[in-house]
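*Asks:* Structure in structure tokens, see below.
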Amino acid sequence: MDTPVLHRLALNESPYPPLPSVREAMQRAVEQAHRYPQFHPDDLTELIAAWCRVTPDRVAVGSGSVGVALQLLRAVVRPGDAVAYAWRTFDAYPLLAAMVGAHPVPVPLSPDGHQDLGALLAALDHRTRVVVLCNPHNPTGSLVTADALSAFLRQVPPHVTVLLDEAYVEFARGTELPDAPALLDAYPNLLVLRTFSKAYGLAALRIGYGLGAAGLVQRIRRQQLPFGINAVATAAVRASLRAERELRLRVDTVVAERERLGRELVSLGWRVRPGHANSVWLAAPDPIDEGAAALADAGVQARHYAGEGLRLTVGSRSANDAVLTALAGVRLRQDASRT
Ligand SMILES: Cc1ncc(COP(=O)(O)O)c(C=O)c1O
1 MDTPVLHRLA
11 LNESPYPPLP
21 SVREAMQRAV
31 EQAHRYPQFH
41 PDDLTELIAA
51 WCRVTPDRVA
61 VGSGSVGVAL
71 QLLRAVVRPG
81 DAVAYAWRTF
91 DAYPLLAAMV
101 GAHPVPVPLS
111 PDGHQDLGAL
121 LAALDHRTRV
131 VVLCNPHNPT
141 GSLVTADALS
151 AFLRQVPPHV
161 TVLLDEAYVE
171 FARGTELPDA
181 PALLDAYPNL
191 LVLRTFSKAY
201 GLAALRIGYG
211 LGAAGLVQRI
221 RRQQLPFGIN
231 AVATAAVRAS
241 LRAERELRLR
251 VDTVVAERER
261 LGRELVSLGW
271 RVRPGHANSV
281 WLAAPDPIDE
291 GAAALADAGV
301 QARHYAGEGL
311 RLTVGSRSAN
321 DAVLTALAGV
331 RLRQDASRT
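1 is the number of the first residue of the sequence shown in our numbering; add one for each residue after it.
What follows is the structure in structure tokens.
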């Protein structure tokens, strides 16, 4: 019989349920559930624009950031055009490319888990309509620095839209982190993609947004489903933005736990590269397949890419301790089998 799942660490979700103030706002909105939401999600758009300090014509919202990404592809890709992305990446990108009939162009990550910006640039041609960059990257957590991003954007031809997926940006720290929204004036072919699913812990409510030049945003909005953003989710976003300080503290805790997990795993003999998302990435040749089996036995659901890597979402302290115990066991068994 399979071990029951005790800790869900496979989808880079927040370990925290909604704050009481967010729950109350959702409950109030549920009382109006017999009413349609807005035909066009103007309130949500304005809310996000004010919070991001941009004009509303620079904001496109959608059903999760994945929904906004699909709207973008629908807006700019025709069947047979190419969509380039580093591989491995977030599983949705090949699926979204297929949904719009695009030719997928996966470009291998560098051996240290970075998106290979030179190889991505070399893969762009007259057929390419979109290149996806994920920053921080999923699944490796690697970071494209501000300098590297600027150099990349300077070299992308204007007929290619850069989809800069910043789903995990709130978990990144340090001076090298790009200020992507500040680049929008210089690059009308840039869409910065963000979400309320990760740091804001609202994954089930499906709210994401893109920041871009007004012309690009207008094209993306044409792909927005009428009545497509639900009112309960909008209420949750409004309440979350009011509670931003509390939510930021939660993010800080996740970041501190990520660093603790990393340090402890290194002390157990695992090789851990610096990660900037809400996850830790372990890669072959470390014994990741054995690690995945040990985690499953301990009731920990992690994301296992067989023979390649293991992505561990940073969970609650007790979930992270369960990870450490299971992965310490793998090392102990390995050491025992060597002696
Ligand atoms: C890089 C990346 N982008 C986007 C998403 C999806 O986010 P959303 O829930 O906003 O659709 C994920 C989810 O795991 C992700 O890893």
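No residue lacks a Cβ here, since even glycine has one placed at the ideal position from N, Cα and C.
Under 9 Å, do Arg53 and Arg129 count as touching if we go by C-beta distance?
*Replies:* no
*Asks:* Could you tell me whether the segment 276 to 293 touches the segment 301 to 312, where touching means 3 or more Cβ pairs closer than 8 Å?
*Replies:* yes
*Asks:* Under the DSSP definition of a beta bridge, which residues are partnered with Pro108?
*Replies:* Trp87
*Asks:* If you run the structure through DSSP and keep just helix, strand and coil, what is Val192?
*Replies:* strand
*Asks:* For Ala204, count neighbouring C-beta atoms within 10 Å of its own C-beta (all shown protein chains included) and say buried if the count is 16 or more, exposed if not.
*Replies:* exposed
*Asks:* Let me know if Ala231 comes out buried or exposed under the rule of 16 or more other beta-carbons within 10 Å of its beta-carbon.
*Replies:* buried
*Asks:* Go through its chain and collect everything with a Cβ distance to Leu44's Cβ below 6 Å, but skip five positions before and after it.
*Replies:* If we look at Leu44 and ignore the five residues flanking it on each side, its Cβ neighbours are Val61, Ile229, Thr234.
*Asks:* Any heavy atom of ligand 1 closer than 8 Å to the CB of Thr195?
*Replies:* yes
*Asks:* To the nearest angstrom, report how far apart Asp179 and Ser337 are at their CA atoms.
*Replies:* 49 Å
*Asks:* Residue range of the beta strand (DSSP E) that Asp165 falls in?
*Replies:* For Asp165, the enclosing beta strand (DSSP E) stretches over residues 161 to 165.
*Asks:* Restricting to runs no shorter than 3 residues, where is the beta strand (DSSP E) found entirely within the segment 117 to 175?
*Replies:* 128 to 134, 161 to 165
*Asks:* Who are Arg8's beta bridge partners in DSSP?
*Replies:* Gln301
*Asks:* If you check the beta carbons only, do Thr313 and Glu24 fall under 9 Å apart?
*Replies:* no
*Asks:* Pairs of beta-carbons, one from the segment 215 to 227 and one from the segment 279 to 287, closer than 8 Å: are there three or more?
*Replies:* no
*Asks:* Return yes when the Cβ of Tyr209 is within less than 9 Å of the Cβ of Ser240, no when it is not.
*Replies:* no
*Asks:* Let me know if Thr161 comes out buried or exposed under the rule of 16 or more other beta-carbons within 10 Å of its beta-carbon.
*Replies:* buried
*Asks:* Taking 8 Å as the cut-off, is the beta-carbon of Ser14 closer than that to any non-hydrogen atom of ligand 1?
*Replies:* no
*Asks:* Which same chain residues end up closer than 6 Å to Ala119 when comparing Cβ atoms and leaving out the 5 residues on each side of it in sequence?
*Replies:* Val107
*Asks:* Would a C-beta distance cut-off of 9 Å place Pro274 and Ser65 closer than the cut-off?
*Replies:* Not a contact, by the Cβ cut-off of 9 Å.
*Asks:* Taking only the alpha-carbon atoms, compute the straight-line gap between Asp125 and Asp57 and give it to the nearest angstrom.
*Replies:* Their Cα atoms are separated by approximately 30 Å.
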